[in-house]
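Residue numbers (the working numbering), protein chains in the order written: chain H, 1 to 200; chain V, 1001 to 1167. See below for the structure under consideration.
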Amino acid sequence: MINPVARRGAVALALSVALTTAAAGQDTAAAPLGPPTAIVVSGPEQGMKAPDFLLPWADKNGVGPDDAQFSLAAFRGQVVVLAFYPGDFTPGCTAEMQTFADRYQALFGDAVVVGISTNDLDSHVKFAQSLGLPFRLLSDPKQRVSDKYGAKGTEGHNRRVVYVIGKNGKVAWREMQFVATDPKGYDRLHAAIAAAEAAK
Amino acid sequence: MAPRFRRRALALAALAFSAAAPLLAQGPGKGDQAPVIAVHDLDGQPVDLGQWIGHKPVLIEFWATWCTSCQALMPTVRAAAAKYGAQVEFLGINVTVADPKAQVRQFIAEEHPPYRVLYDDEGVSQRAFDVAATSYVVIIDRAGRIVYTGTGGSQPLESALRRAIAN
């Protein structure tokens, strides 16, 4: 039997190997090793149950009531889009949320949409007002939910990850590296929502 | 730990990660060769960036008309283009999200941005350069190697351009 310390060491080593393998082809012998060029992600995959959660929210009209936090389970029977993003008022997130707002009906139809970042509720209200966002922004400062969904990034920010949760509460689609500036990413999201709406 | 246990632990750990935790590639960064791709202009005509990348220094800004950081950066880009425009190709690739062509054309008419405007509605360049945000700037030297990447309304473009020209 391997003792726990040895096991942790082996796992760390294996992770290190995995992270640096992708970089190896790009680095020259003389160049110092830079940051890793690949990252490991986790979170529920397509077909798996979406972990339930409860988070406080805000929208352009203000902060939601304490006793009515957003509960994923409460929306069972509806398609839900979870958009994890790094932070309010950053260029990438503005690109993403602006596009969501501009194309809201065409992109999402009847789906329930929420953005999730580590920002506090006051920031969310200002961000939602600045872009006129027609959906809620959830506050997850300790990244408990983003961790469950494999969206926890470095330095206290989420990575840009989008999930479509089906009416059955299972993951219908996910994109673990959503590119806010890529128009094709929104097309894929729209197709995934349409498929989830059509599914029983 | 005995070598055979160590090997087994490594194999198990690698297997666990490969099965449950996919690796996501990151885009090209400083020191990497810039991807040579083709995008469209506002008229829908293909524009091959290979006509510049690898032949002369290139500055690419990924932008949108609604991007406040891009607007903040505009004077810096304008000053750089005035100083280095003869040596460096300045390209502004509109990311096209929430930015219809008519809006872009109006912006060009009013603001006269200091770069050749391209319109990548296929997202080819956004994926190739892993563009996380508008105002993302990539500066490429004559050999096609990336010497600078950055985002935001205030960026040290001039020093990076001097490096790109000197290389």
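For glycine and all other residues, C-beta sits at the position ideal for the given N, C-alpha and C.
Simplified DSSP state of residue i, which is helix, strand or coil
i	result
H:L133	coil
V:P1046	strand
H:D147	helix
H:E45	coil
H:A83	strand
V:I1037	coil
H:K126	helix
H:G62	strand
H:E96	helix
V:L1159	Per the sequence presented here, residue 1159 of chain V reads as Ser, with Leu not at that position. It is helical.
H:F75	helix
V:A1165	It should be pointed out that residue 1165 of chain V corresponds to Ile in this sequence rather than to Ala. The answer is helix: DSSP assigns V:I1165 an H, G or I state.
H:V17	Low confidence applies here, because H:V17 scores a pLDDT of 32, under 50, leaving its location unreliable and the question unanswered by this model.
Cross-chain neighbours of residue i in chain H, by beta carbon under 9 Å
i	result
V:T1151	T90, P91 and G92
Where the alpha helix (DSSP H) containing residue i begins and where it ends
i	result
H:H190	P183 to A198
H:L107	Y104 to F108
V:V1124	V1124 to A1128
V:A1072	T1068 to Y1084
Per-residue contacts from residue i into chain H (C-beta, under 8 Å)
i	result
V:D1048	The contacting residues do not exist; V:D1048 stays about 20 Å from chain H at best.
V:G1123	V179, T181, D182, P183, K184 and G185
V:R1162	Going along chain H, no residue has its Cβ under 8 Å from V:R1162, so there is no contact; the nearest lies around 21 Å.
Bridge partner(s) assigned by DSSP for residue i
i	result
V:I1139	V:L1059 and V:Y1148
V:E1089	V:V1058
V:S1154	Answer is none; V:S1154 lacks a bridge partner.
Residue i: contacting residues in chain V (beta-carbon distance under 7 Å)
i	result
H:Q143	What H:Q143 touches in chain V: nothing, since even the nearest Cβ is about 17 Å away.
H:Q98	W1066 and A1098
Boundaries of the beta strand (DSSP E) in which residue i is found, first to last residue
i	result
H:A172	V171 to E175
H:A58	W57 to D59
H:S117	V112 to S117
H:I165	V161 to I165
Partners in chain V for residue i, counting only beta-carbon separations shorter than 8 Å
i	result
H:A95	A1064, C1067, V1095, V1097, A1098, A1133 and T1134
H:D201	The shown model of chain H, from 1 to 200, leaves out residue 201 of chain H, and the question about it has no answer.
H:D102	A1098
Interface residues of chain H facing residue i [CB-CB closer than 7 Å]
i	result
V:R1078	Per Cβ cutoff of 7 Å: no residues; V:R1078 is ~19 Å from chain H at best.
V:Q1126	V179, T181 and D182
Interface flag, residue i vs chain C, CB-CB below 8 Å
i	result
V:P1035	The chain inventory of the structure shown lacks chain C, comprising the protein chains H and V.
Minimum length 4: unbroken alpha helix (DSSP H) runs contained in the stretch 1091-1116 of chain V: Whole alpha helix (DSSP H) segments, 4+ residues: 1101-1111.
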